[in-house]
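Residue numbers (mature numbering (1 follows the signal peptide of the UniProt record, and there is no 0)): -25 to -1, 1 to 329.
From the three backbone atoms N, C-alpha and C, an ideal C-beta is built for every residue, glycine too.
As structure tokens, the structure follows; a few thoughts come after it.
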Amino acid sequence: MQLFRTLSALAVLTLTIIHPSVVLAQTQGKIIDHKLPNDLNGSNFTYPFPLKLYQFTSQRQQVEMAFMDVAPSGKPNHKTAMLFHGNFFCGATWNETIRVLTHIGYRVIVPDHIGYCKSTKPERYQFSLSQLAFNARSLLDTLGIGNVTIIGHSFGGMLTFRYGLMFPESIDAMIVINAIGLEDYVGKGVPWITIDTNYATSLASTFESVQAYENTTYYVGQWEDRYDVWVQMVIDVFYGSQRDTFCWNQAQITDVVLTQPIAHDFGHVRPPVLLIIGEKDTTAIGKTWAPADVVAKLGNFTALAHDVSAQIPNCTLVTFPELGHAPHIPNPDMFQAVLVEWLTTGKTISVGKT
Ligand SMILES: *[C@@H]1O[C@H](CO)[C@@H](O)[C@H](O)[C@H]1NC(C)=O
Ligand SMILES: *[C@@H]1O[C@H](CO)[C@@H](O)[C@H](O)[C@H]1NC(C)=O
Ligand SMILES: *[C@@H]1O[C@H](CO)[C@@H](O)[C@H](O)[C@H]1NC(C)=O
Ligand SMILES: *[C@@H]1O[C@H](CO)[C@@H](O)[C@H](O)[C@H]1NC(C)=O
Ligand SMILES: *[C@@H]1O[C@H](CO)[C@@H](O)[C@H](O)[C@H]1NC(C)=O
Ligand SMILES: *[C@@H]1O[C@H](CO)[C@@H](O)[C@H](O)[C@H]1NC(C)=O
Ligand SMILES: *[C@@H]1O[C@H](CO)[C@@H](O)[C@H](O)[C@H]1NC(C)=O
């Protein structure tokens, strides 16, 4: 009886603790917002809005996530948007999207994920989509923010899906742009390779190699000078004060993408999703080392867009037929028009040829 009573008490306590509107993620840290050095954890890029640090304990060490927290510039709509950057990009790449969202009344939170840009590059860290999603949710908890709209691109899009599976009770909507992981690469035949091998690839990155890669996959071979700045931003991290750990973290994140597919879970995504796809994207992790017959099956974003949107219970699909992996960069006006229309009316607008 005593045991029973103890168990009941525990059950009540547990229910209280995990009630979704009460506690979302547990770790909470502190916010540091005094003046920060421009060269922060290996990145000296100048961000478009002031940075703060979210300092917390994760996996037995102190880490810092750099983030921007931008107040509405228009009439507040009392909603918050959180933006997840992709690999080779940083929070700063969202500058135009931040301006548009704050203009229509959102408070906008833009973190650099652990391992990236101005955040800690840990020597030893068990990277996972779940850990990065948890870190982002615990930042919101520390800031006292409940529901959010999550917007993620590329690796940040894959992370948005994992976040959506973990924290559906506190999401208003999700907008996913050319996510990687719309297919299970290893499941489709890409051989798994070691983190050590990924690390060697990462160390060899140069301005020219990143530019050539982005030229083909992000911009469909139509390079413009204004894209140089984003390559330089990440190359400065590759050759900055934390070069070695950054390259190692990049290698670990490639391993996350290979070993933690989200492609089997789209049917369980509960929040409403706007899926935005540049159809000329051909990104597929493993394309450079998989056999030709496997490569031929990968990275067809026209097909993936339709397959994935059909699996997600509440998904709106908007495709840009002529754009590649980063449709928000070459054509920000069209991208933002789609974003704002869906967020404010729930409708889509015709994109047509861009
Ligand atoms: C990251 O930058 C912050 C601010 O300069 C600093 O306090 C922290 O020690 C840095 N982290 C590492 C691992 O160097
Ligand atoms: C966004 O940032 C890039 C890089 O600093 C800059 O070239 C571009 O003009 C910025 N756009 C806006 C609208 O601020
Ligand atoms: C938060 O999001 C959940 C899930 O979408 C929704 O049920 C709930 O009403 C939202 N809460 C607020 C305060 O908007
Ligand atoms: C981008 O790719 C196109 C088509 O292959 C090529 O003509 C152009 O020179 C490339 N530009 C850069 C900067 O690599
Ligand atoms: C950033 O660091 C890189 C590499 O150390 C350097 O070439 C570049 O000039 C620096 N940029 C700024 C704005 O300090
Ligand atoms: C789908 O999401 C929209 C918000 O974008 C919402 O208005 C609608 O009720 C949802 N439909 C279903 C079937 O849940
Ligand atoms: C991609 O998929 C679409 C739709 O399934 C198909 O029509 C097209 O031929 C495929 N493209 C390639 C290059 O395989």
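Inset, instruction - Compute the minimum distance between the beta carbon of residue 70 and the heavy atoms of ligand 2, and state whether it is under 7 Å. - result: yes
Inset, instruction - Note the first and the last residue of the continuous beta strand (DSSP E) segment covering residue 128. - result: 123 to 128
Inset, instruction - Identify which residue in 199, 31 and 17 has its Cα closest to the Cα of residue 3. - result: 31
Legend entry - Exercise answer, beta-carbon shell around ligand 5 heavy atoms below 6 Å: 19, 211, 214 and 215
Legend entry - Pick from 138, 22 and 161 that is closest to residue 59, judged by C-alpha positions: 138
Inset, instruction - Between the Cα of residue 275 and those of 213, 236 and 163, spot the shortest distance and give me the residue it belongs to. - result: 163
Inset, instruction - Determine the direct distance from the alpha carbon of residue 234 to that of residue 146, and round the result to whole angstroms. - result: 26 Å
Legend entry - For residue 247, the three-state DSSP class (helix, strand or coil): coil
Legend entry - Buried or exposed by the 16-neighbour rule on C-beta atoms within 10 Å, applied to residue 87: buried
Legend entry - Any non-hydrogen atom of ligand 6 within 7 Å of residue 321 CB: yes
Inset, instruction - Measure the Cβ-Cβ separation of residue 132 and residue 161 and say whether it is below 8 Å. - result: no
Legend entry - heavy atom of ligand 1 below 7 Å from residue 95 C-beta: yes
Legend entry - CA-to-CA distance, residue 308 to residue 316, given in whole angstroms: 12 Å
Legend entry - Residue of 77, 19, 67 and 169 minimising C-alpha distance to residue 319: 77
Inset, instruction - Check whether the Cβ atoms of residue 192 and residue 257 sit closer than 8 Å, and answer yes or no. - result: yes
Inset, instruction - Give every residue of the same chain whose Cβ lies closer than 8 Å to the Cβ of residue 108, excluding the five residues on either side of it in the sequence, and list them in chain order. - result: 134, 137, 138, 141 and 142
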